[in-house]
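In my numbering, the protein residues as written are 220 to 354.
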């Protein structure tokens, strides 16, 4: 999730309840909660657009692969784009902070995000995100 600290937007962990299961099931449930927009508190928000759905998720030897619906790329400025990208990267790596993440939209690799043209390296890690974006 995201929080506001004055004028700054910060990535902020949010505790959620998910069922036990294999890692793919756990991550899929985690993404479904993130994308539902149902937040448990007033001081957090999501930059991920309403209607965004998880089309697929798999964990392979070389990282996490996920495909999101086209709504993920719509609306918002550069801060919103960075926020939603950070939310996806950090959620996808919640079971393994060092995992690489491949993001697709409608099955196609995400290379540029939104009208702001944020370049999305494939794969991306938490370290890559932190080094390239200013949240």
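Every residue gets a Cβ at the ideal spot worked out from N, C-alpha and C, and that includes glycine.
As the structure is a computational prediction, the values presented were derived from the model and not from experiment.
Rounded distance between the beta-carbons of residue j and residue i, thought under 8 Å
i           : j           : result
residue 278 : residue 246 : 7 Å
residue 265 : residue 306 : 6 Å
residue 308 : residue 291 : About 13 Å separates the two Cβ atoms, so there is no contact after all.
Proximity of residue i and residue j at Cβ, strictly below 9 Å
i           : j           : result
residue 407 : residue 250 : Residue 407 is absent from the model: the chain starts at 220 and stops at 354.
residue 333 : residue 294 : yes
Same chain only: Cβ atoms within 8 Å of residue i, ignoring 5 sequence neighbours per side
i           : result
residue 242 : 278 and 314
residue 340 : 347 and 351
residue 240 : 248
residue 269 : 256 and 290
residue 316 : 345
Exposure of residue i, with buried meaning 16 or more beta-carbon neighbours within 10 Å
i           : result
residue 331 : exposed
residue 299 : buried
Beta-carbon proximity list for residue i, same chain, < 6 Å, skipping 5 on both sides
i           : result
residue 352 : 301
residue 312 : 318 and 345
residue 355 : No information on residue 355 is available, as it lies outside the stretch 220 to 354 that the chain covers here.
residue 328 : 341
residue 280 : none
Sequence-distant residues of the same chain with beta carbon closer than 7 Å to residue i, five excluded per side
i           : result
residue 254 : 267, 271, 272 and 273
residue 282 : 318, 319, 320, 321 and 342
Residue i Cβ short of 8 Å to the ligand COA heavy atom set
i           : result
residue 250 : Among the components of this structure there are no ligands whatsoever, and the ligand COA is therefore not found.
query: Counting Cβ pairs, one atom from each stretch, are 3 or more of them under 8 Å apart for the stretch 274-288 and the stretch 313-325?
result: yes
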